[in-house]
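Heads up, the first sequence stops at 1125 in this note's numbering, and the numbers go up one at a time, no gaps. I have placed the structure first, in the form of structure tokens, so that the comments after it can refer back to it.
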Amino acid sequence: MIGGNVISAISPQGRFAEGAAVINGATCEGTGAVGKHLLYHFSNGQTLHIHLGLGGYFVCQSQPADPPRDVVRIRLESATHCIDIIGPNTCELMPTAEMPAFTLRYGPDLLSDTPEPERAIAAIRKSRAPIARLLMDQKVISGIGNIYRAEILWLRKLNPMTRGVDIDADDLRDLWDEMRQLLQIGVETNAIITNGNVDMTGEEITERTNIFARDFCPTCGGAIEKSKLSGRTLYHCPKCQA
DNA sequence: AGAGTTGTTCAAGC
DNA sequence: AGCTTGAACAACTC
884 MIGGNVISAI SPQGRFAEGA AVINGATCEG TGAVGKHLLY HFSNGQTLHI HLGLGGYFVC
944 QSQPADPPRD VVRIRLESAT HCIDIIGPNT CELMPTAEMP AFTLRYGPDL LSDTPEPERA
1004 IAAIRKSRAP IARLLMDQKV ISGIGNIYRA EILWLRKLNP MTRGVDIDAD DLRDLWDEMR
1064 QLLQIGVETN AIITNGNVDM TGEEITERTN IFARDFCPTC GGAIEKSKLS GRTLYHCPKC
1124 QA
């Protein structure tokens, strides 16, 4: 989106303040991602590392843009457009040279052009932790959050508490493939759609998930069970995911 | 007003 | 060593 554009950065508050001057005036030469970590590579050898966390978001404007609100952590701007990043969990500069090591700290990215499912499968099958926890562990696999976790386990009729070590490698390959497909739909539609209502994107969609934040299972009509795992709400159908 | 949230990391305990 | 929980973090919504 901003590749090739000259940008400038401001930072009224937060951890990025010190780095702002370093990036000012540099050109973005490319972007990348490792799971939910967003990466902008700049001409001065620095990479801007953004993680939106729970509540972070982008605000895009045409120039001339409004002055930044005080919650704006960094502003990326070109002659024609302006992007403000608000509420990120992480907003820091790191040397682009450190990117290979950074990438290795995380499990394989489901959306990578060079997917490495076997790396994730090996990590899962080595663990006695429940699959619901492993899918959320970005050191195991990159890209799944709470919504996709609930949906994919339901789609594959997997009990969330199944230990990683107890799942067949072939089942995990199917799981990988389906997660990848779901995320690709997300990229194409800019929405989290796991129930197949892909063509309704322009319309008012109230049902895009099957069980996430829902009360009843679309398959059996039974009550969706709501629990906590690692501090996050876990949804599952006790009947269909026995 | 306070709790909850499409997330991560760290520390501590078992 | 592997696994678990809890706290802290930002900003918004209900």
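Ideal placement from N, C-alpha and C gives every residue a C-beta, glycine not left out. On a predicted model such as this, the values are computed, not experimentally measured, just so you know.
Which stretch, first to last residue, makes up the alpha helix (DSSP H) that contains residue i?
i: Y940; result: Where Y940 is concerned, there is no enclosing alpha helix (DSSP H), although the beta strand (DSSP E) it sits in stretches over 940-945.
i: D1060; result: 1052-1072
Nearest by alpha-carbon distance to residue i: which of the options is it?
i: F941; options: E1001, N972, G1047; result: N972
i: R1046; options: R1016, D1020, L1018, A1012; result: A1012
i: Y1031; options: R1115, L976, I1004; result: R1115
i: Q946; options: I957, R958, A962, D1054; result: A962
i: P983; options: I966, V917, L1038, R1016; result: V917
i: A1006; options: D996, D1051, D967; result: D1051
How would you call residue i, buried or exposed, if buried means at least 16 neighbouring beta carbons within 10 angstroms?
i: R1002; result: exposed
i: K919; result: buried
i: A1106; result: exposed
i: V955; result: buried
i: C943; result: exposed
Is DSSP giving residue i helix, strand or coil here?
i: E975; result: strand
i: A980; result: helix
i: A1096; result: coil
i: L1041; result: coil
i: T997; result: coil
i: L931; result: strand
i: D1020; result: coil
With DSSP as the reference, please indicate the residues paired to residue i in a beta bridge.
i: T1116; result: K1111
i: G913; result: H924
Note the first and the last residue of the continuous beta strand (DSSP E) segment covering residue i.
i: I1027; result: I1027 -> no beta strand (DSSP E), and no H or E assigned at all.
i: E960; result: 955-960
i: L1017; result: From DSSP, L1017 is part of no beta strand (DSSP E) but of the alpha helix (DSSP H) over 1014-1017.
i: I966; result: 964-969
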